[in-house]
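Enquirer: Have a look at this one.
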Amino acid sequence: MTRNTGEGTGSLEKAIDILDLISERTDGMSQNDLAERLALPRTTVYRILATLVARGLVRRDPGRRKYCLGFRCVEMAKQVYSMPDLVSAASSQLRALRDLTGETSYIGTLEGLDVVSLERYDSPHSQRSNASLGHRKPVYATSQGKAILSALPAELRDPIVRDLNLKPLTELTITDRRRLQAELRIIQSRGYAIDDEENVLGTRCVGAPVIDPQGVVRGAISVAGPAYRLTMARIELLGPELVEAARYIGAQLQSAATDSSAQAISAVPQTIHGSHPLWCENSGRLLWLDTLAPALRFYQPDGEHQKIPVEQPIIGVFFKDQFPVLILEKNAVLIDGNQVESLANWPHKHVRAVCNRTSGTLWVSMGAGNTSRIGIIETDGTFDPLWQLNEAVDHLLWHAQSETLYANAPDSGNILMLKPGSSAVRKFATVPKSSGIISGLDIDANGGLWTALRDGWSVVHFAEDGNLDHVIALPVPCPTGVAIGGIEGKTLYVTSARQFVPLDILKKAPLSGSLFEIAL
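Numbering (this note's numbering), first residue to last: 1440 to 1959.
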């Protein structure tokens, strides 16, 4: 036991030593045992125990004449993390993961260079993982720790990695900093982390980060068990399940985020799958799509709204001579007032995304599967491909001032930068899948980008240098697009969907499908 020789701390040190000893024995300790272990007079131990019992920190079992931790300790432990309690938010998912896998499930949080276990749900097997609550584990050798590190922004993650003492805990522990950084990049891409007997030989675990709607990494969940039951093949199947469970837990922590400034526009009916918002400067109104109950919708800040239905699902929208053109599955139509006119000479199939370039020309992403060709549709309708990517690109944004084309690649979470005249494809920013799926783009007057995080309950802003600097929480899980408009461009409009929202979450997010406005 440690000793502090400072005046006035002696009794406190002794009381803490007594609590430490009692906490190590689930069946409690007698007064004589405590006095012997601490080498203290029995009268001193008795006096301290009497005070601890009176305060509820220790309770006495009169039948066995032993002392155990009191329920006041439980009450104090619950106050370690402020409401909404991370453990409470995770409890149902942890139980479900335990029942689904038959293995022990955990939730923990980062503290310094370690991960601290907050709660566990034990496996029914006799041979199981059973790390004690409050147990500290090195962040580099656990699935929870690596999951948390992968989700942290670089300015928080890099100092932690730099300060780590990568000592081997088993022969499989990562002890090379460059290898750890490479693994964190892999985890960031796939969304979950694996501890392959790196902390304890014979034990494997898989974990995913818990991120609240404000984008703050609150902790991580994991499932752990003997390596012979948790094979690598099974781990890879469980990984996506943990990602979904962690995302659900993070969504329950919404009230921990700062109050959202997003307001649903009550005058506008909800959509099944709202998307592709565009602000029209000439008419001073917003247009957006309901892609599944196919219709073009208009909204003016004075409250007026309009709906123009079409007969096919809508893929995208652009302007032609100030009139909106809808790309449908089989053709394209121009909207003139309430009139819907088929657009002549639209031969292009497999269009994924489109945006205006200059008067009469368009940027377009075309392709199928995991490939995309990005280029220009000229005024005569011909397509001039400039870049080919090995991933789907589902949104484009042209910034004329910087002559830069921005592109969303949702599978990788990358926002890409493409410059005409250069074949290079640069990465502007990356959003891990555990935070949500990037959806939609718009650029502000300072060159920063806004995007929505589908399944992430938020919209986020990246500064001109690509660093995430602002998160706005939303009361819906699936925002789908963003557009800057309104008076002097001071309003951010956000579309949302309700199509894929599970019924249990829809009850907690009844505004799904609404159009939101946020004052900038």
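C-beta: ideal position from N, C-alpha, C; glycine also.
Which of the three DSSP states, helix, strand or coil, is assigned to residue 1658?
Expert: Against the sequence shown, residue 1658 aligns to sequence position 219. Residue 1658 falls in the strand class under three-state DSSP.
Enquirer: Given residue 1886, which residues of its chain have a CB within under 6 Å of its CB, disregarding the five upstream and five downstream residues?
Expert: Locating residue 1886 in the sequence shown gives position 447, where the first residue counts as 1. Contacts found: 1903.
Enquirer: Which runs of the alpha helix (DSSP H) fall wholly inside the stretch 1720-1753 and span at least 4 residues, in chain order?
Expert: Segments of the alpha helix (DSSP H) lying fully in the stretch 1720-1753: there are none.
Enquirer: Counting Cβ pairs closer than 8 Å, one from the stretch 1924-1936 and one from the stretch 1669-1684, do we hit at least three?
Expert: With the cut-off at 8 Å, the stretch 1924-1936 and the stretch 1669-1684 do not touch.
Enquirer: I need the straight-line Cα distance from residue 1449 to residue 1477, nearest angstrom please.
Expert: Working through the sequence shown from its first residue, we reach residue 1449 at position 10. Working through the sequence shown from its first residue, we reach residue 1477 at position 38. Cα to Cα, residue 1449 sits roughly 13 Å from residue 1477.
Enquirer: Around the C-beta of residue 1548, are 16 or more other C-beta atoms found within 10 angstroms, so that it is buried, or is it exposed?
Expert: Along the sequence shown, read from residue 1 onward, the residue named residue 1548 stands at position 109. By the neighbour-count rule (16 or more Cβ atoms within 10 Å), residue 1548 is buried.
Enquirer: Pick helix, strand or coil for residue 1825, following the three-state DSSP scheme.
Expert: In the sequence shown, counting from the first residue as 1, residue 1825 sits at position 386. It is a strand residue.
Enquirer: Taking one C-beta from the stretch 1557-1567 and one from the stretch 1581-1596 each time, how about it: are there three or more such pairs within less than 8 Å?
Expert: The answer is no - the stretch 1581-1596 does not touch the stretch 1557-1567, with fewer than three Cβ pairs under 8 Å.
Enquirer: How would you label residue 1901, buried or exposed, when you count the other beta carbons within 10 angstroms and need 16 or more for buried?
Expert: Here residue 1901 refers to the residue found at position 462 of the sequence shown. Looking at its Cβ environment, which holds 16 or more other Cβ atoms inside 10 Å, residue 1901 is buried.
Enquirer: If distances are taken between C-alpha atoms only, which option among 1465, 1713, 1538, 1532 comes closest to residue 1939?
Expert: Counting from one through the sequence shown, the residue named residue 1939 turns up at place 500. Nearest of 1465, 1713, 1538, 1532 to residue 1939, Cα basis: 1713.
Enquirer: Please state the DSSP three-state secondary structure of residue 1859.
Expert: Within the sequence shown, the letter at position 420 stands for residue 1859. Looking at residue 1859 - three-state DSSP - the assignment turns out to be coil, as it is neither helix nor strand.
Enquirer: With a threshold of 16 other CB atoms inside 10 Å of the CB of residue 1710, please say whether the residue is buried or exposed.
Expert: Your numbering for residue 1710 matches position 271 in the sequence shown. With 16 or more other Cβ atoms within 10 Å, it is buried.
Enquirer: Taking buried to mean at least 16 other C-beta atoms within 10 Å of its own C-beta, is residue 1943 buried or exposed?
Expert: In the sequence shown, counting from the first residue as 1, residue 1943 sits at position 504. With fewer than 16 other Cβ atoms within 10 Å, it is exposed.
Enquirer: Inspect the beta-carbon positions of residue 1665 and residue 1642 and report whether they are closer than 9 Å.
Expert: Within the sequence shown, numbered from 1, the residue matching residue 1665 stands at position 226. Within the sequence shown, numbered from 1, the residue matching residue 1642 stands at position 203. In this structure, residue 1642 lies closer than 9 Å to residue 1665 by Cβ.
Enquirer: Going by the DSSP bridge assignment, what does residue 1901 pair with across the sheet?
Expert: What you label residue 1901 is simply residue 462 of the sequence shown in a count that begins at 1. The partner list for residue 1901 (beta bridge, DSSP) reads 1888, 1907.
Enquirer: Below 8 Å, how does it come out for the stretch 1753-1767 and the stretch 1726-1740: are there three or more Cβ pairs, yes or no?
Expert: They touch, by the three-pair rule.
Enquirer: Taking its Cβ as the centre, do 16 or more other Cβ atoms sit within 10 Å of residue 1806, making it buried, or is it exposed?
Expert: Counting from 1 along the sequence shown, the entry for residue 1806 is found at position 367. Residue 1806 should be labelled buried.
Enquirer: Going by the beta-carbon positions, is the gap between residue 1933 and residue 1792 smaller than 9 Å?
Expert: Residue mapping note: residue 1933 aligns to position 494 of the sequence shown, counting from 1. Residue mapping note: residue 1792 aligns to position 353 of the sequence shown, counting from 1. No, Cβ-Cβ distance for residue 1933 and residue 1792 is not below 9 Å.
Enquirer: Is the stretch 1576-1589 touching the stretch 1612-1627 in the sense that three or more CB pairs, one from each, lie closer than 8 Å?
Expert: These segments touch.
Enquirer: Sorted by chain position, which residues of the same chain lie with C-beta nearer than 6 Å to residue 1509's C-beta, five sequence neighbours on each side aside?
Expert: Residue mapping note: residue 1509 aligns to position 70 of the sequence shown, counting from 1. Correct list, in chain order: 1495, 1496, 1497, 1498.
Enquirer: Would you mind working out which of 1631, 1637, 1455 sits nearest residue 1872, comparing C-alpha positions?
Expert: Position 433 of the sequence shown, counted from the first residue, corresponds to residue 1872. Comparing Cα-Cα distances from residue 1872 to each of 1631, 1637, 1455, the minimum goes to 1631.
Enquirer: Please look up how many angstroms separate the CB atoms of residue 1892 and residue 1876, rounded, as I've assumed it's under 8 Å.
Expert: Position 453 of the sequence shown holds residue 1892. Position 437 of the sequence shown holds residue 1876. Confirmed, about 7 Å.
Enquirer: Which residues mark the beginning and the end of the beta strand (DSSP E) in which residue 1485 is found?
Expert: Here the question's residue 1485 lines up with position 46 in the sequence shown. Per DSSP, residue 1485 belongs to no beta strand (DSSP E); it is in the alpha helix (DSSP H), 1481-1493.
Enquirer: Can the beta-carbon of residue 1913 be found closer than 9 Å to that of residue 1955?
Expert: Stepping through the sequence shown from its first residue, residue 1913 is reached at position 474. Stepping through the sequence shown from its first residue, residue 1955 is reached at position 516. Closer than 9 Å, so yes.
Enquirer: Applying the criterion that 16 or more other CB atoms from any shown protein chain within 10 Å of the CB defines a buried residue, is residue 1466 buried or exposed?
Expert: The sequence position of residue 1466 within the sequence shown is 27, counting from 1. Answer is exposed; the Cβ neighbour count stays below 16.
Enquirer: Could you tell me whether the stretch 1674-1688 touches the stretch 1633-1650, where touching means 3 or more Cβ pairs closer than 8 Å?
Expert: With the cut-off at 8 Å, the stretch 1674-1688 and the stretch 1633-1650 touch.
Enquirer: Looking at the unbroken alpha helix (DSSP H) that takes in residue 1461, where does it start and where does it end?
Expert: If you number the sequence shown from 1, residue 1461 lands on position 22. That run of the alpha helix (DSSP H) goes 1449-1463.
Enquirer: Going by DSSP in three states, residue 1932 sits in which element: helix, strand or coil?
Expert: Here residue 1932 corresponds to residue number 493 of the sequence shown, with the count starting at 1. Looking at residue 1932 - three-state DSSP - the assignment turns out to be strand.
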